[in-house]
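Visitor: A single structure is presented below for examination.
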Amino acid sequence: MVDYFAQFMPGWAAALLWFVLYAVILLVFALVNMLFITWVERKVIGRMQDRIGANRAGPFGLFQPVADMVKILTKEDITPTAANRVIYNLGPLVVVPPAILVFAVLPFSASITGVDLNIGLLFIFAVAGTATLGILIAGWGSNNKYSLVGAMRAVAQMVSYEVPQLLSIVGVVMIAGTLSMQGIVAKQAQLGWFVLLQPIAFIVFLIAAMAEVNRTPFDLPEAESEIIAGHHTEYSGLKFGMFYLAEYMSVLFVSALAATVFLGGYQIPFVPVGNVINNFLGPFVLIGKTYLFIFLTIWLRGTLPRVRVDHLMAFAWKALVPICLMNIFLVALIAPFISVTAANSPALAAPVAIVSMLVANAIMFVIIYLVIQSIVRRDRARVAEGTVPAR
Amino acid sequence: MNPFVVLSFVAVAAVTIGGGLGVVLARTVFASGLFLILSFIGVAGIYVLLEAPFLAATQVLVYVGAVAVLILFAIMLTRRVMSGSTQDNRMNNQWIAAALVALLLFALLVGTTFQQWNLSQDSPPPDSVAQLGAAFLGPYILPFEIVSVLLLAALIGAIVIARE
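Residue numbers (this note's numbering), protein chains in the order written: chain A, 208 to 598; chain B, 348 to 511.
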């Protein structure tokens with residue numbers, strides 16, 4: 208596209224125009240999808256709870272998000288008198304940019320990416336990690352005990368779950384040998400999708416990602432039955448809308464990230480990456496895969512109760528992190544073997560990689576199962592003795 | 348020099364220095380913490396301009412995403428600081444020592460800036476991340492492994508403490 212614009216204007220202007228255009232397209236894409244996700248969530252949760260869900264505004268209630276937006280825009284904007292006015296207003300401003308910025312490196316097809324940074328994955332985690340700041344600022348600036356407790360819970364949770372989220376992707380990076388998003392997708396065309404190579408890391412990533420975006424069962428930071436709405440208790444109108452926007456955009460992005468890193472991104476199975484079909488259908492395939500994960504998050508919300516605070520921390524540090532470390536160890540043993548095979552006989556690379564990694568993951572699963580079994584048995588024995596209360 | 352690069356540098360430097368000034372001039376400790384983050388982000392921008400994207404991302408990941416968040420978290424847990432003393436606490440009675448140290452550091456900086464350094468004529472490497480990785484696992488394997496073992500020990504230590 209830059210080449211096309213360069214016919215009419217100097218090179219730098221063409222590049223600038225393309226970046227601005229792409230940013231606008233991306234922004235519209237993310238916003239429209241965010242609105243659509245809120246509708247999907249209402250409908251799916253409704254069906255799961257044996258209700259119909261939104262069905263008044265437009266066909267199938269499709270215009271419900273628009274009505275919601277109008278409602279949010281017309282609400283009174285309140286600033287609590289006890290709040291620190293500047294910091295209070297800073298919260299919603301800081302919380303949205305990280306949620307949008309990460310889309311810049313997401314590959315929609317072999318030729319459609321904002322920027323294919325060679326540090327793509329690292330960029331995503333660096334930018335997404337700053338989302339914590341907005342929550343912290345909102346919680347402190349509101350000068351409200353519920354906001355503060357919510358913000359503290361959010362920070363503790365997000366800092367803890369960032370560790371397993373990063374570590375679960377390290378295995379993928381070691382096999383792919385690159386941090387670039389396009390590079391990771393291209394590697395999956397060669398070796399097979401990483402969900403086959405790293406099934407346990409995939410599950411760990413999904414759990415940690417769910418905690419990172421504060422979705423049920425990890426919605427303690429905004430647990431409405433305990434602390435009203437957590438960090439955004441005091442926000443109304445458009446400022447609340449900003450938090451809402453950031454949350455659903457994060458859900459969209461994390462789903463797209465899972466689809467890109469573990470489900471082959473824009474690839475269609477058995478169609479080579481450079482193919483014309485793949486170039487045209489790529490974005491739609493990616494969106495389809497993304498909605499698979501979005502449906503999963505909504506399904507989990509409809510199924511699981513909220514976890515307890517102490518269980519939350521224990522789960523991240525005692526269960527997920529050791530599993531990730533074990534996975535990295537196994538990948539470090541096998542990855543050189545895979546890359547040697549890929550260099551010598553490319554045709555054999557995919558079967559060798561999938562079989563060896565599946566065997567490794569099966570071994571890991573057995574180990575995890577045995578360890579959990581022994582821990583549970585020991586705990587039950589202790590409870591039966593009466594030395595410790597039941598957990 | 349490319350005018351865009353110069354403009355970007357001026358903007359990024361202004362953010363860094365402005366953030367630094369904000370840290371010392373802000374009235375509440377929480378606001379100081381926020382200005383510190385602004386300064387960290389400015390430093391990351393300077394790394395980007397120096398064609399060190401890996402360092403920039405690490406700066407944001409470690410300093411903004413972790414260190415600054417922990418600082419703000421610690422401030423929030425401190426009740427006295429939280430309630431925000433209204434009196435001006437920007438100067439305490441140690442200002443003479445502080446001024447001396449600041450002058451010394453400034454002199455050092457001026458000396459370093461006006462020193463004639465040998466400049467490399469090579470253009471920056473196109474794929475610095477791959478070269479960084481190769482360097483870590485090539486000539487610098489021993490320090491890299493030692494640091495890795497240290498960090499792993501810290502991580503396992505955290506798990507062991509959590510299990511108590």
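Glycine included, each C-beta is placed from N, C-alpha and C at the ideal position.
Which of helix, strand or coil does DSSP assign to Leu-470 of chain A?
Guide: Here Leu-470 of chain A sits in coil by DSSP.
Visitor: In chain C, which residues lie less than 8 Å from Val-407 of chain B when you measure between Cβ atoms?
Guide: Among the chains of the structure shown, chain C does not appear; the protein chains present are A and B.
Visitor: For Trp-219 of chain A, name the three-state secondary structure that DSSP assigns.
Guide: Helix, per DSSP.
Visitor: For a minimum of 3 consecutive residues, which ranges assigned as the beta strand (DSSP E) are wholly contained in the stretch 382-436 of chain B?
Guide: Runs of the beta strand (DSSP E) inside the stretch 382-436 of chain B: none found.
Visitor: For Leu-340 of chain A, which residues in chain B fall below 9 Å Cβ to Cβ?
Guide: Neighbours of Leu-340 of chain A on chain B, chain order: Leu-381, Ile-384, Val-411, Gly-412, Ala-415, Val-416 and Leu-419.
Visitor: Are Thr-559 of chain A and Ile-545 of chain A touching if we call contact CB-CB under 9 Å?
Guide: It is Val, not Thr, that sits at residue 559 of chain A in the sequence shown. Result yes, Cβ atoms of Val-559 of chain A and Ile-545 of chain A sit closer than 9 Å.
Visitor: Leaving out the 5 sequence neighbours to the left and right, which residues in its chain are closer than 6 Å to Val-407 of chain B when beta-carbon positions are compared?
Guide: Answer for Val-407 of chain B: Ala-391, listed in chain order.
Visitor: Check whether chain B comes within 9 Å of Val-377 of chain A, counting only Cβ atoms and requiring the distance to be less than that.
Guide: Val-377 of chain A does not count as touching chain B.
Visitor: Could you run through the stretch 561-578 of chain A and flag, in chain order, every residue whose CB is less than 7 Å away from some CB of chain B?
Guide: Under the 7 Å Cβ criterion, the stretch 561-578 of chain A contributes no residue.
Visitor: Does the stretch 408-421 of chain A touch the stretch 370-385 of chain A, meaning 3 or more C-beta pairs lie closer than 8 Å?
Guide: Because the criterion of three Cβ pairs below 8 Å is met, the stretch 370-385 of chain A and the stretch 408-421 of chain A touch.
Visitor: Return no unless some Cβ of chain A is closer than 9 Å to the Cβ of Phe-483 of chain B.
Guide: So, not an interface residue.
Visitor: Which class does Ser-316 of chain A belong to by DSSP, given the choice of helix, strand or coil?
Guide: Note: Ser-316 of chain A maps to coil in three-state DSSP.
Visitor: Give me the subset of the stretch 520-548 of chain A whose CB atoms are less than 8 Å from a CB atom of chain B, sorted by chain position.
Guide: Residues Met-520, Ala-521, Trp-524, Lys-525, Val-528, Pro-529 and Leu-532.
Visitor: Between Val-420 of chain A and Val-458 of chain A, how many whole angstroms is the CB-CB distance? I'm expecting something under 8 Å.
Guide: The pair is a contact, with the Cβ atoms about 5 Å apart (cut-off 8 Å).
Visitor: Can you grab the Cα-Cα spacing for the pair Gly-498 of chain B / Val-293 of chain A, in whole Å?
Guide: Note that residue 498 of chain B corresponds to Leu in the displayed sequence, not to Gly. Near 39 Å, if we compare the C-alpha coordinates of Val-293 of chain A and Leu-498 of chain B.
Visitor: What does Met-359 of chain A reach in chain B if we use C-beta pairs closer than 9 Å?
Guide: Ordered by position in chain B, the residues that pass the 9 Å Cβ test against Met-359 of chain A are Phe-420, Met-423 and Leu-424.
Visitor: Among the candidates B:Pro-473, B:Val-416, B:Phe-401 and B:Ala-378, whose CA atom is the shortest distance from the CA of Leu-343 of chain A?
Guide: Nearest of B:Pro-473, B:Val-416, B:Phe-401 and B:Ala-378 to Leu-343 of chain A, Cα basis: B:Val-416.
Visitor: Asn-325 of chain A CB to nearest chain B CB: under 9 Å?
Guide: Closer than 9 Å to some Cβ of chain B, the Cβ of Asn-325 of chain A qualifies, so yes.
Visitor: Interface residues of chain A around Ile-337 of chain B at Cβ under 8 Å?
Guide: With chain B covering 348 to 511 only, the question about residue 337 of chain B has no answer from this structure.
Visitor: If you draw a straight line from the alpha carbon of Asn-262 of chain A to that of Phe-502 of chain A, how long is it in whole angstroms?
Guide: Answer to the nearest angstrom: the Cα atoms are 19 Å apart.
Visitor: Would you mind telling me which residues of chain A sit closer than 9 Å to Pro-400 of chain B, beta carbon to beta carbon, in chain order?
Guide: What Pro-400 of chain B touches in chain A: Leu-324, Asn-325, Ile-326, Leu-329 and Phe-330.
Visitor: What's the call for Glu-248 of chain A, buried or exposed, on a 16-neighbour Cβ count within 10 Å?
Guide: Buried, since its Cβ has 16 or more Cβ neighbours within 10 Å.
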